[in-house]
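Residue numbers (this note's numbering): 1 to 332.
The C-beta atom is built at its ideal place from N, Cα and C for all residues, glycine as well.
Small disclaimer: the values here were computed from a predicted structure and weren't measured.
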């Protein structure tokens with residue numbers, strides 16, 4: 001049964017007002033988007049709690065607490081590590097040689113690092129001041145995030161009911177396919193990447209300690225966070241440490257850091273964690289994931305970390321749906 005004209009008119013009104021609301025509230029759009037994706041991932045937790053006999057409000061509240069604890073557990077070590085080790089970072093940058101000479105084919109090239117060092121120190125100082133001044137705004141957005149997650153988990157089936165009542169039954173299969181792709185993509189981004197990040201942190205902690213670094217906790221936290229960067233991941237950090245050691249004329253230490261870091265920090269977590277959780281992740285090639293991640297960050301900022309891969313995954317699913325529809329018509 002096709003929807004009535006009144007339903008179509010209300011659908012158009014909903015889309016128009018939704019677009020207007022997005023434009024008006026663009027400054028908190030990222031918070032709203034992240035809340036929706038987190039609620040999407042937490043819905044199975046809420047469903048299990050409700051099935052165990054808990055009231056919907058209690059189940060939604062406990063699920064929100066899970067999101068709050070996880071977010072706090074991710075952000076607190078990162079903020080603590082960056083704050084505590086800031087002086088060590090500036091000291092490391094300050095200890096770099098002012099000039100570096102490289103000999104290639106009996107020709108010596110000298111590179112001056114003074115301007116680069118000054119730029120790094122100035123950028124880090126500016127970022128610290130900006131973060132301190134933005135603390136009230138971040139606190140308000142975090143409160144909004146928690147409130148939205150709770151509200152979405154309290155009535156999780158309302159959006160699906162609205163879609164199924166508005167869209168003709170012939171198109172329900174399309175939305176179900178997109179729903180499954182979105183669910184698998186978000187599970188892959190939050191659960192798979194998060195678990196891999198935690199595994200990387202636990203492996204990197206003793207590795208950096210045995211390699212003799214004082215900022216063991218900071219480097220381990222950064223290694224875990226960099227797991228969210230597709231393809232390159234913690235290898236970026238290992239590469240930076242190798243360059244620092246080489247510039248400090250510690251060639252042997254640089255080679256050791258490169259070999260051990262690439263095997264145990266950049267490679268081992270993928271071999272241990274990912275195969276165990278790969279069943280819940282979306283079947284999205286790493287190249288497309290990298291395109292979505294990079295393009296999302298460059299276009300939308302921090303929100304692009306999630307939005308970019310999600311858009312690419314939904315686009316890939318739409319291509320598969322179109323191809324299967326074409327094959328069905330050709331077969332008929």
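I need the DSSP call for residue i, collapsed to helix, strand or coil.
i	result
residue 294	helix
residue 24	helix
residue 318	helix
residue 58	helix
residue 306	helix
residue 44	helix
residue 151	helix
residue 160	helix
residue 65	helix
residue 249	coil
residue 324	helix
residue 233	coil
residue 301	helix
residue 53	coil
residue 240	helix
residue 167	coil
residue 345	The structure shown has nothing for residue 345, since the chain only spans 1 to 332.
residue 136	helix
residue 273	coil
Give every residue of the same chain whose Cβ lies closer than 7 Å to the Cβ of residue i, excluding the five residues on either side of it in the sequence, and list them in chain order.
i	result
residue 321	174 and 177
residue 314	178, 181 and 182
residue 203	264, 265, 268 and 269
residue 146	64 and 68
residue 29	22
residue 189	306 and 309
residue 49	59, 62 and 63
residue 172	164
residue 141	28 and 31
residue 46	59, 60, 63, 153 and 156
residue 302	30
For a cutoff of 8 Å on Cβ pairs, would you count residue i as touching chain C?
i	result
residue 145	Of the protein chains in this structure there is only one, and it is not chain C.
Sorted by chain position, which residues of the same chain lie with C-beta nearer than 8 Å to residue i's C-beta, five sequence neighbours on each side aside?
i	result
residue 311	292 and 296
residue 262	235 and 238
residue 299	308
residue 216	205, 208 and 209
residue 7	165 and 166
Heavy atom of the ligand MN less than 7 Å from the Cβ of residue i, yes or no?
i	result
residue 28	Because no ligand of any kind appears in the structure shown, any question about the ligand MN cannot be addressed here.
Can you name, in chain order, every residue of its own chain whose Cβ lies under 6 Å from the Cβ of residue i, other than the five neighbours on each side?
i	result
residue 186	37, 40 and 41
residue 288	312
residue 241	257
residue 244	none
Problem set entry | 4-residue-minimum alpha helix (DSSP H) runs that sit fully inside the stretch 179-227, ordered along the chain | 193-210 and 216-225
Problem set entry | Three CB pairs or more closer than 8 Å across the stretch 191-206 and the stretch 217-226 | yes
For this session: Evaluate the contact criterion for the stretch 300-307 versus the stretch 234-241: three or more CB pairs, one atom per stretch, below 8 Å.
Result: no
For this session: Inspect the CB distances between the stretch 58-78 and the stretch 159-166 and report whether three or more fall short of 8 Å.
Result: no
Problem set entry | Inter-stretch contact at 8 Å, needing at least 3 Cβ pairs: the stretch 40-50 / the stretch 9-26 | no
For this session: Decide if the stretch 51-60 is in contact with the stretch 209-220; the criterion is three or more beta carbon pairs, one per stretch, under 8 Å apart.
Result: no
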